[in-house]
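Novice: Using our numbering, read the sequence shown as starting at 185 and increasing by one per residue.
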Amino acid sequence: ETETLAYAEPPRASTENVPSYNRLPRSFGDFLLLEELGQGGMGIVYKARQRQPERIVAIKMMRQNSASAADIARFKAEPQSTAKLEGHAHIVAVHHVGEQDGQPYFTMRFVEGTTLAKLMARGPLPAREAARLMATICDAVHYAHQHGILHRDLKPSNVLIDTQGQPHVTDFGLAKPVAGSAGLTQTGAIVGTPSYMPPEQAAGSHGQLSRASDVYSLGAILYEMLTGRPPFQAATPLDTVFQVLYQDLVPPRALHAKVDRNLELICLKCLHKQPQSRYQSAAELADDLRAFLREEPDRIKARSSSIASFIGQMLRETQNAPLFENWGLLWMMHSGKIVLICAVTLWMYYAGCTNHLWYLLLWAVSLIAWGWIFWTMRRHMGPVTFIERQIAHVYAAGIVGCISIFAAEWVQDRPVLSMAPGLAVVGSLVFLVKAAILSGRLYIASAALLITSTLMAIFPSIQLLLFAPVSAACFFWLGLKYYRQRLRASRLAT
């Protein structure tokens with residue numbers, strides 16, 4: 185028996201104890217509601233017979249007495265979004281918008297068939313079938329993007345498969361304009377379905393959504409087509425969001441060995457944490473899928489690699505970078521601390537101080553005290569994430585390393601500052617770890633400090649004059665970047 189259109193949740197199986205006004209079939213204005221097709225977060229979808237003109241439609245209406253003002257606004261925005269998209273055969277068009285007895289509703293073209301979610305419930309799809317379906321879905325999404333609409337909730341249950349095996353994109357309830365920072369959900373709330381949403385959407389107020397955000401969701405659907413499960417799936421939605429933001433993806437072939445290597449590359453390119461690393465449009469994804477279907481692997485862009493692209497990948501920010509907006513001002517202050525402590529050290533050195541204890545006390549007390557002040561100020565700015573704690577541990581390790589250099593000089597009875605090049609080595613290692621966590625650009629700072637350590641060894645008479653400006657510049661540059669990023673985020677929020 186042919187299945188019918190369905191939404192996020194299955195219809196109720198029993199009508200026992202259901203009030204008579206909810207029993208089907210029943211009249212609703214100009215419509216006879218025949219059966220419930222599905223339920224979503226805000227509304228219910230029915231199969232209905234419209235009397236004038238006479239036709240079968242899908243009608244979506246708000247849940248009675250349970251919608252907030254924001255829900256109503258979002259519900260009314262959906263037909264406005266899809267009204268621009270009537271010209272595409274693979275987008276479910278809105279026929280009519282109305283209100284009956286104070287209950288908003290709109291009708292859509294009824295698609296006889298099933299959903300992609302139900303189709304995939306039987307197991308992974310054959311590679312060519314998955315590629316064919318996804319290429320057509322990409323065409324529809326690209327059409328929406330060309331008309332200024334981001335879907336923001338692409339998932340298997342929002343793709344209908346008709347009786348001819350053709351896909352149709354539906355449910356634009358979370359759609360928003362591609363350009364523009366204002367919208368119904370610009371409140372920091374996370375909207376969408378966690379298993380299919382990109383990291384920038386899962387981050388809530390962080391990051392700006394783009395066409396590449398929908399491309400990620402398309403990749404998540406393709407991943408499930410190939411493996412039988414979404415890329416990330418945990419016991420709770422919050423745990424899933426955590427995985428989307430911070431956990432590495434398991435390659436499709438690790439879950440299903442028969443997945444074609446080229447199709448895996450296409451899928452993985454969609455699912456990069458950073459939007460810049462994905463296909464920049466659904467059309468680009470469709471082109472690669474059709475190159476796969478034509479068995480033209482050399483034309484698949486996901487296979488291409490070069491030294492330039494490798495370096496570009498290495499230098500890009502990670503998904504953790506936005507978490508450090510609160511650290512910008514603190515890192516700029518830290519650069520000033522470096523200059524100050526180096527200046528005092530030089531004053532002691534040129535004043536003829538040769539007592540190792542004084543140098544050890546200066547660096548130990550200064551670094552530990554500043555570390556405590558730094559961390560206290562950060563905690564007063566808001567909740568601290570576990571990634572920030574990791575960076576704090578790296579910083580603490582750097583403090584221990586710097587203090588150990590002066591302790592080693594004392595224990596080994598070496599001349600004061602004879603091991604000072606080690607300060608730059610410690611700084612280089614700190615930035616090396618930060619680069620892996622935050623941004624590949626910090627590899628440049630790490631390299632600069634490593635080179636500085638060599639120059640300090642060659643020119644011992646000016647070693648701190650070399651170390652202080654280079655180290656301070658590295659921290660100031662990093663701090664300024666995140667400080668400006670925080671200011672931009674604050675302006676967007678207001």
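For glycine and all other residues, C-beta sits at the position ideal for the given N, C-alpha and C.
Count the other C-beta atoms from every protein chain shown that fall within 10 angstroms of the C-beta of Ser-674, then say buried if there are 16 or more, exposed otherwise.
Specialist: Exposed.
Novice: By DSSP's criteria, His-280 is part of a beta bridge. Which residues make up the other side?
Specialist: DSSP, once it has assigned bridges, lists Thr-291 as partnering His-280.
Novice: What is the DSSP secondary structure of Pro-623, reduced to helix, strand or coil?
Specialist: The sequence shown places Ser at residue 623, rather than the Pro named in the question. Ser-623 falls in the strand class under three-state DSSP.
Novice: Over the uninterrupted beta strand (DSSP E) stretch that includes Gln-234, give me the two end residues.
Specialist: Run containing Gln-234: 227-234, per the beta strand (DSSP E) assignment.
Novice: Between the C-alpha atoms of Ile-275 and Leu-269, what's the straight-line distance to the nearest angstrom?
Specialist: About 7 Å.
Novice: Are the beta-carbon atoms belonging to Leu-622 and Cys-658 less than 8 Å from one another?
Specialist: Cβ distance not < 8 Å, so Leu-622 and Cys-658 don't count as in contact.
Novice: To which residues does DSSP link His-352 through a beta bridge?
Specialist: In DSSP, His-352 forms a bridge with Leu-344.
Novice: Residues in its own chain within less than 7 Å of Pro-414 by CB, not counting five upstream and five downstream?
Specialist: Here the set comprises Ser-379, Tyr-380, Ala-404, Tyr-407, Glu-408.
Novice: How far does the beta strand (DSSP E) with Leu-381 in it extend, from its first residue to its last?
Specialist: The displayed chain sequence assigns Met, not Leu, to residue 381. It is not in any beta strand (DSSP E) - Met-381 carries neither H nor E in the DSSP assignment.
Novice: Which residues does DSSP list as the beta-bridge partners of Val-600?
Specialist: In DSSP, Val-600 forms no bridge with anything.
Novice: Is the beta carbon of Leu-338 closer than 8 Å to that of Ser-394?
Specialist: It is not a contact, given that the beta carbons lie outside the stated cut-off.
Novice: Determine the contact status of Ile-522 and Ser-655, defining contact as a CB-CB distance below 8 Å.
Specialist: Going by C-beta atoms, Ile-522 is nearer than 8 Å to Ser-655.
Novice: If Arg-500 and Gln-464 are in contact, beta carbons under 8 Å, what's the gap, nearest whole angstrom?
Specialist: Not quite, the Cβ-Cβ distance comes to about 14 Å (not below 8 Å), so this is no contact.
Novice: Give the DSSP-derived three-state secondary structure of Gln-464 in the structure shown.
Specialist: Coil.
Novice: Apart from the five residues just before and just after Ile-552, which ones in its own chain have a Cβ nearer than 7 Å to its Cβ?
Specialist: Closer than 7 Å at Cβ, skipping near neighbours: Ile-583.
Novice: Excluding the five sequence neighbours on either side, which residues of its own chain have a C-beta within less than 6 Å of the C-beta of Phe-437, listed in chain order?
Specialist: The question names Phe, but residue 437 in the sequence shown is Arg. So the list reads Val-443, Glu-448, once near-sequence residues are dropped.
Novice: Is the beta carbon of Ile-321 closer than 8 Å to that of Val-679?
Specialist: Look at the range of the chain in this structure, 185 to 678, and you will see that residue 679 is not part of it.
Novice: Does the separation of the CB atoms of Tyr-627 and Trp-511 fall below 8 Å?
Specialist: For Tyr-627 and Trp-511, no; Cβs fall outside 8 Å.
Novice: According to DSSP, Ala-651 sits in a beta bridge with which residue or residues?
Specialist: Contrary to the premise, residue 651 reads as Phe rather than Ala in this sequence. Partner(s): none; Phe-651 has no beta bridge.
Novice: For Gln-223, report the span of its beta strand (DSSP E) as first-last.
Specialist: Its beta strand (DSSP E) spans residues 215-223.
Novice: Let me confirm a value: Arg-668 is counted as buried when at least 16 other C-beta atoms fall within 10 Å, else exposed. Which label applies?
Specialist: Under this definition Arg-668 is an exposed residue.
Novice: For Cys-526, which residues in the same chain have their Cβ closer than 7 Å to its Cβ, ignoring the five residues on either side in sequence?
Specialist: Leu-648, Phe-651, Ala-652, listed in sequence order.
Novice: Take Ser-211 and list the residues in its own chain whose beta-carbon comes closer than 8 Å to its own, dropping the five residues that flank it on each side.
Specialist: Cβ neighbours of Ser-211 beyond the five flanking positions: Leu-217.
Novice: Gly-663 to Phe-508, Cα distance in whole Å?
Specialist: Approximately 9 Å between the Cα atoms of the pair.
Novice: Excluding the 5 residues flanking Gln-458 on each side, which residues of the same chain have their C-beta closer than 6 Å to its C-beta?
Specialist: Once the five neighbours on either side are set aside, the close Cβ partners of Gln-458 are Arg-500.
Novice: According to DSSP, which residues form a beta bridge with Ile-275?
Specialist: Partner(s): Val-353.
Novice: Express the C-alpha separation of Arg-625 and Arg-680 in angstroms, rounding to a whole number.
Specialist: Nothing in the structure corresponds to residue 680, since the chain is present only between 185 and 678.
Novice: Using C-beta distances below 8 Å, list every residue in its chain close to Gly-555, excluding the 5 sequence neighbours before and after it, in chain order.
Specialist: Excluding residues within five positions, the ones whose Cβ falls inside 8 Å are Tyr-579, Ala-580, Ile-583.
Novice: Can you tell me whether DSSP reads Leu-334 as helix, strand or coil?
Specialist: Strand at Leu-334.
Novice: Using only the alpha-carbon positions, how far apart do Leu-344 and Leu-334 sit?
Specialist: Taking the straight line joining both Cα atoms gives about 18 Å.
Novice: Smallest Cα separation from Thr-411: which of Gln-596, Leu-513, Pro-310?
Specialist: Cα-wise, what sits closest to Thr-411 is Pro-310.
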